[in-house]
């Protein structure tokens, strides 16, 4: 049997495999380590459709001449799942009251929900609550999904669009010691929340660029003269220190770290990622 991956010959030696499913199971972990996942297959020139997948898995390899395994990058699969979630949101929004009450459980078993639960558990949790009638409104869900899609499809562009937000958060971090000293606790808490959100966004975009995105963009580490490893490591270390200070209610240390550590490091991290994007 000839085995190809995306139409190219694969150097795969069969040993104990008896069925097509055995072959796919053996390839699953190897592909996961490369950042790709199986997304379909073609047997003897015919695309296998969803309804016949199970029967195809059970086919004996002696009955197959050629097996072409189709793969997609993880960002591509996540984006496809998010597009399906957008349709799910529209279906939920258009449903009658009784349909909305029954929406969550079947949705949790859908392929898109399963992928979100595996890869973006916090987003899955938000969607699950929203489809239970709690938390986010349909408009709020749609806004979050559309933002994640922009990050996946155009990470460099989304990074550019985030610059005003990053500058604003850094300015607020530099003001944090004064806010704490003058009793502006609500503004201080809001600053930490805004910082957390924008930092998570920067790291999400970094990971997409690192994975090559959709168009095979340069990975940050591959850009001559620029290495982000130290930036990311140091930034993570400062975040852990800030969390420890916050848990100990050391407001003086929290303020000092925000002004002298977090603000400049966030600017530097952003600039380094932007140069390499």
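Numbering (our numbering), first residue to last: 2 to 278.
No residue lacks a Cβ here, since even glycine has one placed at the ideal position from N, Cα and C.
When the Cα of residue 252 is compared with those of 146, 212, 185 and 169, which residue comes out closest?
Walking along the chain shown from the start, residue 252 turns up at place 251. When each option's Cα is compared against that of residue 252, the closest is 185.
Cβ-based neighbour list, residue 147, same chain, cut-off 7 Å, excluding 5 preceding and 5 following
Here the question's residue 147 lines up with position 146 in the chain shown. Counting only Cβ-Cβ distances below 7 Å, and skipping sequence neighbours, we find nothing.
Per DSSP, which one or two residues make a beta bridge with residue 41?
For this step, residue 41 is matched to residue 40 along the chain shown. According to DSSP, residue 41 bridges with 71.
Given 7 Å as the limit, tell me if residue 192 has its C-beta closer than that to any heavy atom belonging to the ligand ADP.
Of the ligands one can find in the structure shown there are none, so the ligand ADP has no counterpart to examine.
DSSP three-state label for residue 151, please.
For the purposes of this step, residue 151 is taken as the residue at position 150 of the chain shown. Helix.
Tell me the rounded alpha-carbon separation between residue 13 and residue 162.
If you number the chain shown from 1, residue 13 lands on position 12. If you number the chain shown from 1, residue 162 lands on position 161. Their backbone Cα atoms lie some 44 Å apart in a straight line.
Which two residues bound the contiguous alpha helix (DSSP H) that contains residue 181?
Working through the chain shown from its first residue, we reach residue 181 at position 180. Counting along the chain, the alpha helix (DSSP H) containing residue 181 begins and ends at 164-182.
Please go through the same chain and pick out, in chain order, the residues whose beta-carbon is closer than 8 Å to the beta-carbon of residue 143, but skip the five residues on each side of it.
Stepping through the chain shown from its first residue, residue 143 is reached at position 142. Excluding positions up to five away in sequence, the list reads 87 and 90.
Between 68, 133, 58 and 211, which has its C-alpha nearest residue 46's C-alpha?
Mapped onto the chain shown, residue 46 falls at position 45. Among 68, 133, 58 and 211, the Cα nearest to that of residue 46 is on 68.
Distance between residue 101 and residue 93 (C-alpha atoms, nearest Å):
Sequence index remark: in the chain shown, residue 93 carries index 92 (1-based). Sequence index remark: in the chain shown, residue 101 carries index 100 (1-based). In a straight line, the C-alpha of residue 93 is about 6 Å away from that of residue 101.
Using the Cβ count rule (16 or more neighbours within 10 Å means buried), how would you classify residue 126?
The residue you call residue 126 lines up with position 125 of the chain shown. With fewer than 16 other Cβ atoms within 10 Å, it is exposed.
Can you check the segment 77-103 for any beta strand (DSSP E) of at least 3 residues that lies completely inside it and give the ranges in chain order?
none
Residue burial classification, residue 48 (beta-carbon count within 10 angstroms, cutoff 16):
Taking the first residue of the chain shown as position 1, residue 48 is located at position 47. Counting Cβ neighbours within 10 Å, residue 48 comes out exposed, since fewer than 16 surround it.
Spatial neighbours of residue 96 within its chain, please: CB distance less than 7 Å, with the 5 preceding and 5 following residues excluded, ordered by chain position.
On the chain shown, residue 96 is found 95 positions in, with the first residue counted as 1. Correct list, in chain order: 104.
If you draw a straight line from the C-alpha of residue 79 to the C-alpha of residue 182, how long is it?
Mapped onto the chain shown, residue 79 falls at position 78. Mapped onto the chain shown, residue 182 falls at position 181. Their Cα atoms are separated by approximately 44 Å.
Does the pairing of the segment 257-272 with the segment 167-183 give three or more beta-carbon distances under 8 Å?
yes
Expressed to the nearest angstrom, what Euclidean distance is found between the alpha-carbon atoms of residue 43 and residue 55?
Here residue 43 refers to the residue found at position 42 of the chain shown. Here residue 55 refers to the residue found at position 54 of the chain shown. Residue 43 and residue 55: Cα-Cα distance of roughly 14 Å.
Using the Cα positions of residue 15 and residue 212, report the straight-line distance between them to the nearest angstrom.
Taking the first residue of the chain shown as position 1, residue 15 is located at position 14. Taking the first residue of the chain shown as position 1, residue 212 is located at position 211. Straight-line Cα distance between these residues: approximately 29 Å.
Three-way DSSP call (helix, strand, coil) for residue 270 in this model:
Within the chain shown, the letter at position 269 stands for residue 270. Residue 270 falls in the helix class under three-state DSSP.
Just the C-alpha distance for residue 117 and residue 152, rounded to the nearest angstrom, thanks.
Mapped onto the chain shown, residue 117 falls at position 116. Mapped onto the chain shown, residue 152 falls at position 151. If I take the Cα positions, the gap works out to 15 Å.
On the three-state DSSP scale, how would you describe residue 210?
If you number the chain shown from 1, residue 210 lands on position 209. DSSP places residue 210 in helix when its eight states are reduced to three.
Look up residue 32 in the DSSP assignment and say whether it is helix, strand or coil.
Taking the chain shown and counting its residues from 1, one reaches residue 32 at position 31. Looking at residue 32 - three-state DSSP - the assignment turns out to be helix.
Closest by CA to residue 20, which one among 63, 29 and 30?
As a working note, residue 20 is residue 19 in the chain shown. The option with the nearest alpha carbon to residue 20 is 63.
For residue 12, which three-state DSSP category applies?
Position 11 of the chain shown, counted from the start, is the residue given in the question as residue 12. Residue 12: coil per DSSP, three-state reduction.
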